[in-house]
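If you count by this note's numbering, then the sequence shown holds residues 32 to 272, one letter each, in order. Note that CB positions come from ideal geometry on N, CA and C, so glycine has one too. Since the structure comes first, as structure tokens, the remarks are kept for the end.
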Amino acid sequence: MRYSFPQVVGLLFLGLSVPLLLWQAAPGNQLPIAPPQFVALHSIMETFAIVVAALIFFTGFGAHETRRSLRSLVLGYAFLAVALFDMFHFLSYLGMPDLLSANSPHKAILFWLLARFTAGVGLLAYILIPERPAVSNAARRAWAMAVVVTATALSYYLLRHPHWVPRMFVPEQGLTPIKIALEWGMFGLYLGTAGLLYRRRNTVTNCDIPSLLLALLLMAMGELFFILYVLVTNTANLLGH
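Here it is, written out as structure tokens:
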């Protein structure tokens, strides 16, 4: 079987993630990174992620009518919301200018979890929805507007009142049990979606199954790093991204 260059890179990252995860499992191996440098690296990575999420939306939303399907449209809508949540995630990071309320690890984590959950549900829907024609142009524009309004309203709520949500991170203590439990949930969501994709590989049409399967496994492995970190500016957090 021949692999494309992105698949080779993805397999390389997947292979490296196991020894890196074992290395970072010991808190003493998690090397601190100066906050200004971490914020700069984090902003670059999140900007790239936002661009990719936006491209997924535009591909599903703007594909030629003969190629557009309902499931690709739903995936596009999901990643439109992911792009918005990821944007507010890195804008809420400690070290960025405060937005509506004081920035904090807790506030940034809320948007991170929301973006990851939305991506997982969108990918699960993409696998489960049968291949069928997309809705009319008027309806797909209305749904796109509904996604933007809903995601923006939810983001405003979290930006304005992050303290109304149970704490995800406590300074000097680290991650809270609820945050760790939610990360395990994300890991299970991505891994379960990968397993379902493999089982339905003969029924999911017009899809690069190996690449999507590899992406889901990488996303699942990434979540494990976010269960381990004790500081928001260290190597475990960076490797998770």
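Proximity winner among the options, relative to residue i (alpha-carbon distances)
i, options, result
"L270", "R33, P37, L45, R163", "L45"
"N237", "V70, R191, Y157", "Y157"
"V105", "G41, I160, P208", "I160"
"W195", "L248, L220, H137, G205", "H137"
"V113", "G151, T234, G226", "G151"
"P66", "Y34, F256, G126, L243", "G126"
"A170", "I211, Y108, L228, Q38", "Y108"
"P37", "I258, L245, R231", "L245"
"G153", "I75, Y34, R102, L227", "R102"
"A80", "L42, T90, H120", "H120"
"A267", "R231, Q204, I64", "I64"
"E162", "L43, I211, L220, V235", "V235"
"Q168", "G91, R33, V49", "Looking at the sequence shown, residue 168 is not Gln but Asn. Comparing Cα positions, the closest option is G91."
"V166", "L86, G93, P50, Y34", "G93"
Counted within 10 angstroms of its Cβ, other Cβ atoms place residue i as buried (16 or more) or exposed
i, result
"T181", "exposed"
"M250", "buried"
"M118", "buried"
"W143", "buried"
"M176", "exposed"
"Y260", "buried"
"Q55", "buried"
"N265", "buried"
"A173", "exposed"
"T149", "buried"
"G41", "buried"
"G219", "exposed"
"A84", "buried"
"N134", "buried"
"S100", "buried"
"S48", "buried"
Own chain residues within Cβ distance below 6 Å of residue i, not counting five before or after
i, result
"M217", "R147, E254"
"L155", "T224"
"L111", "F88, V178"
"V263", "P136"
"L222", "A251"
"F116", "F142, L145, A146"
"I276", "Residue 276 falls outside the range modelled here, since the chain spans only 32 to 272, and no answer is possible."
"M76", "H272"
"L52", "L255"
Sequence-distant residues of its chain with Cβ nearer than 8 Å to residue i (five each side left out)
i, result
"H192", "S132"
"T207", "P197, R198, M199, F200, V201"
"Y187", "L131"
"I140", "M199, F200, K210"
"L247", "L154, Y221, L222, T224, A225, L228"
"T183", "L115"
Beta carbon proximity, residue i to chain D, threshold 8 Å
i, result
"M199", "Absent from the structure: chain D. Only one protein chain is present."
Sequence-distant residues of its chain with Cβ nearer than 7 Å to residue i (five each side left out)
i, result
"L130", "L122, S123, L190"
"E214", "E254, F257, I258"
"L243", "L228"
"P241", "Q38"
"R231", "I158"
The segment 52-59 / the segment 69-76 touching (three or more Cβ pairs under 8 Å): Taking 8 Å as the limit for Cβ pairs, the verdict is that the segment 69-76 does not touch the segment 52-59.
Continuous beta strand (DSSP E) assignments of at least 3 residues falling wholly in the segment 87-137: Secondary structure in the segment 87-137: no beta strand (DSSP E) run of 3 residues or longer lies completely within the stretch.
Ordered list of alpha helix (DSSP H) runs contained in the segment 181-219, each at least 4 residues: With a minimum length of 4 residues, there is no unbroken run of alpha helix (DSSP H) contained wholly in the segment 181-219.
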